Amino acid sequence: METFLQHVVNGLILGGTYALLGIGLTLIFGIMNVVNFAHGEFYTLGAYGAFLFLSLLDTNFFVALLGAIALGILLGGACERLLLRPLLGESIETTMLVMIAVWIAMQNAELLAWGGVAQSIDHPFPQAPLILGPISVAPLRLFVFGTAVLLILGAHLLIHRTRLGKAMRATFQDRETAALMGVDIHGIHTLTFAFGSGLAAAAGTLLGPIFVVYPSMGDLAALKAFSVVILGGLGNFAGATLGGLLLGIAEELGAGYVSSGYRDAVGFAIIILVLLLRPSGLFARAERVG
Amino acid sequence: MLRLEGLRAAYGRIEALKGVSLEVRAGELVTLIGANGAGKTSTLKAISGTLRSSDGRILFEGNEIHRLTPREILTRGIAHCPEGRRVFPYMTVRENLEMGAYARADIHGIREDLERVFAHFPILGERLRQAAGTLSGGEQQMLAIGRALMARPRLLLLDEPSLGLAPTVIETTLRIIREVRQRGVTVLMVEQNAYLALRMADRGYVMETGQIALEGKAGDLIENEHVKRAYLGG
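Chains as they are written, first to last, in this note's numbering: chain F, 595 to 884; chain Y, 78 to 311.
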């Protein structure tokens with residue numbers, strides 16, 4: 595039982611960042627109808643961003659995290675403005691190909707800039723784990739989970755409680771009518787892509803200090819993000835949140851009780867099952883994009 | 078108030094409007110009737126800026142508006158209530174009405190108009206927190222009209238307000254349109270149900286294959302032999 599609890603806690607911590615990745619991807623798909631194959635690269639960008647701020651600019655750890663997220667937001671916004679806006683109204687396959695190109699370009703740019711050697715990110719948290727009854731958690735992991743939860747709550751409030759969020763939901767539900775209401779669809783798209791990329795960068799910058807940072811780290815992250823989106827249903831915000839946590843827990847349980855080599859396989863086995871049995875996602879009846 | 082001069086517009090290579098000219102004077106209720114695919118909806122879309130015109134002009138109160146964005150056209154005083162109601166299904170009734178006032182910043186005025194919409198449509202006030210997608214067709218039509226009124230327009234474009242509604246609900250909708258007029262809002266209404274439209278309009282235009290085929294006082298059009306044969310089932 596104690597090991598079970600420990601696995602669940604570890605799963606939640608991992609799942610929180612999966613949820614961040616999934617929410618970003620699902621918003622971009624839901625509102626813009628763009629399948630963002632470069633999503634994982636914004637995750638990598640977040641991790642390398644933190645590394646850049648820490649080791650080259652020598653900033654404070656928390657400043658580095660914020661800087662990395664800001665980098666993701668800016669580059670995401672630029673990517674939408676320069677590459678996707680001219681393609682508005684084109685088929686989903688066209689934007690898909692463009693995003694695959696961005697994926698390849700960004701990954702190779704990272705390889706060029708940092709070399710293929712894995713880097714680690716230093717953090718100011720003590721190594722000794724906190725003992726909470728039957729479970730133990732490293733302080734860094736607790737910080738990662740807490741930040742992920744805060745970001746998810748913030749995203750939720752943005753979408754449900756603000757004027758901008760209302761315009762985003764309206765655009766998702768009926769783009770043409772939203773335009774009739776005076777919503778600037780171009781602006782909503784830029785902000786959505788910037789926001790989604792910022793969330794991916796946040797996930798990368800949070801997991802960077804836990805794992806190591808290398809140029810192709812985004813590939814697996816992108817697969818996880820797609821898994822989360824499939825679990826939760828395309829365009830479903832709450833689904834992506836729950837899907838992320840579920841995937842994290844499932845992976846930890848799989849790694850703990852089957853074999854750590856099967857960690858990723860467990861996640862993908864679940865995806866195959868969901869696609870076979872409930873192809874519109876586990877939470878398909880919930881409201882989409884909010 | 079509104080004048081279209083030789084307006085042309087196309088979807089890709091398919092030309093929907095082949096030189097449409099029409100006029101709506103302040104305070105009028107003008108109807109645009111015609112068969113499916115004649116270009117009625119496209120005309121409204123061109124006016125509200127959601128369909129780009131390729132040639133011709135649209136003048137609103139003397140100013141050209143055919144190069145403006147939908148938002149700019151809306152803030153000048155033209156609201157478009159689209160065909161098929163198009164309420165935001167997963168948003169509440171209240172959020173839908175708030176979206177109607179999205180381009181406005183005067184919080185007091187918005188609150189006033191919200192109260193006025195509830196006075197017009199008490200059922201909407203009762204269903205404020207309900208998702209719009211769960212309303213009946215008639216209620217959705219009221220919400221769509223209420224939402225358009227939330228922009229406080231001087232000209233209201235109504236696309237097929239009677240489409241898919243039960244006869245009793247149509248009567249309610251027509252009563253609401255008359256009330257909207259009495260508040261001083263000018264109305265340009267597209268309708269497939271020509272008899273219904275001509276009965277309540279001041280003037281009418283008949284559209285055929287992207288052009289205006291006939292125009293006149295509504296009472297005269299009802300008596301017109303061609304209109305009778307083609308659109309009134311006589």
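All C-beta atoms, glycine included, are put in the ideal place defined by N, C-alpha and C. As the structure is a computational prediction, the values presented were derived from the model and not from experiment.
Please check the pair residue 84 of chain Y and residue 97 of chain Y, which I expect to be a contact at CB under 8 Å, by giving their CB distance rounded to whole angstroms.
-> 4 Å
Are any of the Cβ atoms in chain F nearer than 8 Å to that of residue 171 of chain Y?
-> no
Residue 875 of chain F and residue 825 of chain F look like a contact to me (Cβ under 8 Å); what is the Cβ gap, rounded to whole Å?
-> 6 Å
Between the CA atoms of residue 299 of chain Y and residue 283 of chain Y - distance to the nearest angstrom = Straight-line spacing of the CA atoms in residue 283 of chain Y and residue 299 of chain Y works out to 11 Å.
So which residues on chain Y does residue 762 of chain F lean against when the C-beta distance must stay under 8 Å?
-> The premise fails here: residue 762 of chain F is roughly 11 Å from chain Y at the closest Cβ pair, so nothing lies under 8 Å.
What did DSSP end up calling residue 291 of chain Y once you bin it into helix, strand or coil?
-> strand
Just reading off the alpha helix (DSSP H) that residue 169 of chain Y is part of, what are its end residues?
-> No alpha helix (DSSP H) contains residue 169 of chain Y, which DSSP labels as neither H nor E.
Going by beta carbon distance, what residues of the same chain come within less than 6 Å of residue 574 of chain F, once the five residues before and after it are set aside?
-> The first residue shown for chain F is 595 and the last is 884, placing residue 574 of chain F beyond what the model contains.
In the structure shown, what three-state DSSP assignment does residue 306 of chain Y receive?
-> helix
To which residues does DSSP link residue 91 of chain Y through a beta bridge?
-> Y/88, per the DSSP bridge assignment.
Residues of the segment 163 to 188 of chain Y whose Cβ lies closer than 9 Å to any Cβ of chain F, in chain order = 163, 164, 165, 166, 167, 168, 172, 173, 175, 176, 177, 178, 179, 180, 181
Does any C-beta atom of chain Y lie closer than 8 Å to the C-beta of residue 776 of chain F?
-> yes
Mind checking if residue 151 of chain Y is an interface residue toward chain F, Cβ cutoff 8 Å exclusive?
-> yes
First and last residue of the beta strand (DSSP E) that includes residue 266 of chain Y?
-> 263 to 268
Are the C-beta atoms of residue 286 of chain Y and some chain F residue less than 8 Å apart?
-> no
Buried versus exposed, by CB contacts within 10 Å (16 or more), residue 173 of chain Y | buried
Among F/600, F/716, F/776, nearest to residue 157 of chain Y - alpha-carbon criterion | F/776
Does the segment 274 to 289 of chain Y come close enough to the segment 121 to 139 of chain Y to have 3 or more Cβ pairs within less than 8 Å?
-> no
Quickly, what does DSSP pair residue 282 of chain Y with across the bridge? List them, please.
-> Paired residues: Y/109, Y/292.
Anything in the segment 101 to 127 of chain Y with a Cβ closer than 7 Å to a Cβ of chain F? List those residues in chain order, please.
-> 125, 127
Note down, in chain order, all residues in the segment 675 to 690 of chain F with a beta-carbon under 8 Å from any beta-carbon belonging to chain Y.
-> none
Report the three-state DSSP secondary structure of residue 135 of chain Y (helix, strand or coil).
-> Judged by DSSP in its simplified three-state form, residue 135 of chain Y adopts strand.
Using the rule of at least 16 other Cβ atoms within 10 Å of the residue's Cβ for burial, across every protein chain shown, is residue 595 of chain F buried or exposed?
-> exposed
First through last residue of the beta strand (DSSP E) which encompasses residue 858 of chain F | Residue 858 of chain F -> not in any beta strand (DSSP E); alpha helix (DSSP H) instead, spanning 857 to 871.
Assigned exposure category for residue 652 of chain F - 16 Cβ within 10 Å defines buried = Residue 652 of chain F should be labelled exposed.
Less than 8 Å separating the beta-carbons of residue 861 of chain F and residue 849 of chain F?
-> no
Is residue 690 of chain F near the ligand PLP, going by C-beta to nearest heavy atom under 7 Å?
-> The model depicted lacks the ligand PLP and carries no ligand whatsoever.
Excluding sequence positions up to five away, which residues of its chain have a Cβ less than 7 Å from the Cβ of residue 670 of chain F?
-> 636, 787, 788, 790, 791, 792
Residue-chain proximity (residue 556 of chain F, chain Y), Cβ-Cβ < 8 Å = Outside the shown range of chain F, which is 595 to 884, sits residue 556 of chain F, and nothing can be said about it.
Backbone CA spacing between residue 798 of chain F and residue 127 of chain Y [nearest angstrom] | 40 Å
Applying a beta-carbon distance threshold of less than 8 Å, which residues of chain F neighbour residue 147 of chain Y?
-> 773, 774, 776
Closest Cα partner of residue 817 of chain F within the set F/598, F/597, F/743, F/616 | F/616
For residue 167 of chain Y, count neighbouring Cβ atoms within 10 angstroms of its own Cβ and tell me buried if that reaches 16, exposed if not.
-> Buried: at least 16 other Cβ atoms inside 10 Å.
Would you mind telling me which residues of chain F sit closer than 8 Å to residue 159 of chain Y, beta carbon to beta carbon, in chain order?
-> One finds 770, 771, 774 in chain F with Cβ atoms closer than 8 Å to the Cβ of residue 159 of chain Y, taken in chain order.
Mind checking if residue 767 of chain F is an interface residue toward chain Y, Cβ cutoff 8 Å exclusive?
-> yes
CA-CA distance, residue 801 of chain F and residue 612 of chain F?
-> Straight-line Cα distance between these residues: approximately 10 Å.
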